[in-house]
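Using the working numbering, the first residue of the sequence shown is number 1, and each one after it goes up by one.
We treat Cβ as the ideally placed atom computed from N, Cα and C, and that holds for glycine.
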Amino acid sequence: MTFKSINVIALVALLAMPLMPVNAQTTQRYHVAACDWMMLKRQKLGEFALTRTIGADGVEMDMGPLGKRVLFDNQLRDEKQAAKFLHYADSLGVQVPSVAMSGFFAQNFVTRKNYKDLLNDCFTTMHKFRAKVAFLPLGGSGEDWKVKGADRDSLVSRLKTAGDMAEKEGVVIGIRTGLDAKESKKLLKAVGRKSIKIYYNFQDAADNNRDICKELRQLGAKNIIQIHASNTDSVLLKDDPEIDMKKVKATLDKMKWSGWLVVERSRDVKRVRDVKYNYGSNVRYLKDVFECNK
Numbered sequence: 001m002t003f004k005s006i007n008v009i010a011l012v013a014l015l016a017m018p019l020m021p022v023n024a025q026t027t028q029r030y031h032v033a034a035c036d037w038m039m040l041k042r043q044k045l046g047e048f049a050l051t052r053t054i055g056a057d058g059v060e061m062d063m064g065p066l067g068k069r070v071l072f073d074n075q076l077r078d079e080k081q082a083a084k085f086l087h088y089a090d091s092l093g094v095q096v097p098s099v100a101m102s103g104f105f106a107q108n109f110v111t112r113k114n115y116k117d118l119l120n121d122c123f124t125t126m127h128k129f130r131a132k133v134a135f136l137p138l139g140g141s142g143e144d145w146k147v148k149g150a151d152r153d154s155l156v157s158r159l160k161t162a163g164d165m166a167e168k169e170g171v172v173i174g175i176r177t178g179l180d181a182k183e184s185k186k187l188l189k190a191v192g193r194k195s196i197k198i199y200y201n202f203q204d205a206a207d208n209n210r211d212i213c214k215e216l217r218q219l220g221a222k223n224i225i226q227i228h229a230s231n232t233d234s235v236l237l238k239d240d241p242e243i244d245m246k247k248v249k250a251t252l253d254k255m256k257w258s259g260w261l262v263v264e265r266s267r268d269v270k271r272v273r274d275v276k277y278n279y280g281s282n283v284r285y286l287k288d289v290f291e292c293n294k
């Protein structure tokens, strides 16, 4: 067989392969991603190659730190830089299902004066990467908002505004409350915006000895926009006695929930900085469990 013949056969085989547009919706119920900031690749071009290396379908990109800055330290405001990132993501078939505002793990969403500017910055970045979910943790907002009072009223008011803004942009904000399912649903009811949903985190339940599957059922599929499918750093997911992942899958199947499972933590503390080992192992385990038809 000649070299020319081999090239022709290879070309025909390539053309025969089905095309799968990046970020296209498929019939697959579950997709697996990882957080770029936890993989030490926050807004670094290498996050896409790393995502492919660990076998994930996508990566949750972060807006960058806040600290004492007015806006996020977000290099992707630069159109050329964002285009470069998107081109590389597309070339590798890596999706960006969500963009995180992890700065609010330390900053107070209830009192931050320019919260609308920060939300708009996030929405603009989301559109550049065709992301549909914004992750908003409330961990930096203290404890007072969790009970009736001025802080609670302020948070609800701000989330209503945020929800209206998100609806206009055609996206959803997923909030991490740390509350149990009953209290999270109360908060969602008070806010009353379809574009504000729960970004559920297994760690919150595990840390407080709550039943993950029971909480998922109590929240209901329509209230959960995305899931951080990991626990605090200790052991890999496959070795974690606090999470029965097969039971979680059965629960989500029965709920008819579908969406993205995002690995945030669950690093082996003996090898905590070994990114490929930790995230590769966790992604493989999630795929083994959630892509199984049994």
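Rounded separation between Y277 and D153 - CA only: 44 Å
Nearest-angstrom Cβ-Cβ length linking R52 and V94, presumed shorter than 8 Å: 6 Å
Close Cβ partners of R176 (< 6 Å) along its chain, the five nearest in sequence each way excluded: P137, Y199, N201
Secondary structure, alpha helix (DSSP H): runs of 4+ residues fully inside the stretch 189 to 273: Taking only runs of at least 4 residues, the alpha helix (DSSP H) segments lying wholly in the stretch 189 to 273 are 202 to 207, 212 to 219, 245 to 255.
CB of D62 within 9 Å of CB of A33, strictly: no
Integer-rounded CB distance, given that W257 should sit under 8 Å from I224: 6 Å
Coarse secondary structure for C35, derived from DSSP in three states: In this structure, C35 counts as strand in the three-state DSSP scheme.
Residue range of the unbroken alpha helix (DSSP H) whose run includes V156: 150 to 169
Selection from C35, E167, E169 that minimises the alpha carbon distance to V283: C35
Selection from Q218, Q43, E264 that minimises the alpha carbon distance to L252: Q218
CB contact flag (R316, E167, <9 Å): Here the chain has residues from 1 to 294 only, and residue 316 is not among them.
Which residues DSSP lists as bridging R176, in chain order: P137
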